[in-house]
Amino acid sequence: DVKVTQSSRYLVKRTGEKVFLECVQDMDHENMFWYRQDPGLGLRLIYFSYDVKMKEKGDIPEGYSVSREKKERFSLILESASTNQTSMYLCASSATYRSYNEQFFGPGTRLTVL
Amino acid sequence: GNSVTQMEGPVTLSEEAFLTINCTYTATGYPSLFWYVQYPGEGLQLLLKATKADDKGSNKGFEATYRKETTSFHLEKGSVQVSDSAVYFCALSDTPTGGFKTIFGAGTRLFVKA
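Here it is in structure tokens:
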């Protein structure tokens, strides 16, 4: 069974802390994505990566950075957490070779910044 | 640029009622179209897809037809169940113009009452 796992389901951090969210996929997918999900706004793309050590900004990259040192792992970093980064964070992956881009999602991490 | 617009929710139905969730899109190329579903406490999962005009995607009693002339991909189900309560996202992916990204609609929450 294909799987995308995220390091935490729930996380509570304080303003100014450095936060690491980790995502691992076991499908040998080339592409990985980080989204945040907020009520009424749907999914917004933060960053994505289509290869190891490659990264591209999405629609809302400010305040975030990413790291992809290995194909299966994609980390999202909040350098200095702020209360407006309280949200649900979803990781996804997809394969390049398919003619369509089905994305496989992890269960999400609900981050609260106090 | 590419975009997806879907009807706002929440949608509340009684069990066995007919469901329609409207979705229209804007794309410069020939996108693939998707419906994803998010059950409570989980990440998104693919419900159905259509990769070219006039294709009908179907799964678990849900259907959607790719209508190029009206740029629509409405989701329908003839008889909903309580277990269909979830958030539904319409999405498009257009690799030639959009790379490996998927554009998601804002989501429509469905409540089904017993």
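As they're listed, the protein sequences go chains L and V. Sequential numbering of the first sequence, starting at 1, is according to our numbering. Sequential numbering of the second sequence, starting at 1001, is according to our numbering. We put the CB at the ideal spot given by N, CA and C, even for glycine.
Local Cβ density within 10 Å of residue i, reported as buried at 16 or more and exposed below that
i: Thr1102(V); result: buried
i: Asp26(L); result: exposed
i: Asn84(L); result: exposed
i: Thr1108(V); result: buried
i: Ser1079(V); result: exposed
i: Asn31(L); result: buried
i: Gly106(L); result: buried
i: Phe48(L); result: buried
i: Pro39(L); result: exposed
i: Leu114(L); result: exposed
i: Thr1114(V); result: Looking at the sequence provided, one finds Ala at residue 1114(V) rather than Thr. Per the 10 Å Cβ criterion, exposed.
i: Arg36(L); result: buried
One or two residues paired with residue i in a DSSP bridge
i: Ser1014(V); result: Lys1113(V)
i: Ala95(L); result: In DSSP, Ala95(L) forms no bridge with anything.
i: Gln1038(V); result: Leu1044(V) and Val1087(V)
i: Thr1026(V); result: Ser1003(V)
i: Gly42(L); result: Asp38(L)
i: Ile154(L); result: The structure shown has nothing for residue 154(L), since chain L only spans 1 to 114.
i: Glu56(L); result: Phe48(L)
Any C-beta of chain L under 9 Å from that of residue i
i: Phe1100(V); result: yes
i: Gln1115(V); result: Since the displayed chain V opens at 1001 and closes at 1114, residue 1115(V) lies outside it and no answer follows.
i: Gly963(V); result: The structure shown does not extend to residue 963(V), since chain V spans only 1001 to 1114, so no value can be given for it.
i: Leu1115(V); result: Absent from the model: residue 1115(V). The displayed extent of chain V is 1001 to 1114, so no value can be given.
i: Tyr1066(V); result: no
i: Phe1104(V); result: yes
i: Phe1034(V); result: yes
i: Ser1003(V); result: no
i: Asn1107(V); result: The question names Asn, yet the displayed sequence has Gly at residue 1107(V). Closer than 9 Å: yes.
i: Ser1085(V); result: no
i: Ser1093(V); result: yes
Min CB distance residue i to chain V below 9 Å
i: Gln25(L); result: no
i: Phe74(L); result: no
i: Phe104(L); result: yes
i: Tyr50(L); result: yes
i: Thr86(L); result: no
i: Ser80(L); result: no
i: Thr96(L); result: yes
i: Val4(L); result: yes
i: Leu90(L); result: yes
i: Pro61(L); result: no
N-terminal and C-terminal residue of the beta strand (DSSP E) that residue i is part of
i: Glu1076(V); result: Leu1075 to Lys1077
i: Gln37(L); result: Asn31 to Asp38
i: Gly1057(V); result: Lys1056 to Asn1059
i: Arg110(L); result: Thr109 to Val113
i: Lys1101(V); result: Looking at the DSSP string, Lys1101(V) is not in any beta strand (DSSP E), and its letter there is neither H nor E.
i: Ile1021(V); result: Leu1019 to Ile1021
i: Pro10(L); result: At residue 10(L) the sequence reads Tyr, which differs from the Pro that was named. Unbroken beta strand (DSSP E) run through Tyr10(L): Tyr10 to Lys13.
i: Gln6(L); result: Val4 to Gln6
i: Ala1053(V); result: Counting along the chain, Ala1053(V) falls outside any beta strand (DSSP E), and DSSP gives it neither H nor E.
i: Ala1106(V); result: Run containing Ala1106(V): none; DSSP gives neither H nor E here.
i: Thr1065(V); result: Phe1062 to Thr1065
Contacting positions in the stretch 27-46 of chain L - beta carbon closer than 7 Å to chain V:
Of all residues in the stretch 27-46 of chain L, only Asn31, Gly40, Leu41, Gly42, Leu43 and Leu45 come within less than 7 Å of chain V when Cβ atoms are compared, listed by chain position.
Chain L contacts made by the stretch 1039-1058 of chain V, where a contact means CB separation under 8 Å
The stretch 1039-1058 of chain V vs chain L, Cβ under 8 Å: Gly1041, Glu1042, Gly1043, Leu1044, Gln1045, Leu1046, Lys1049 and Thr1051.
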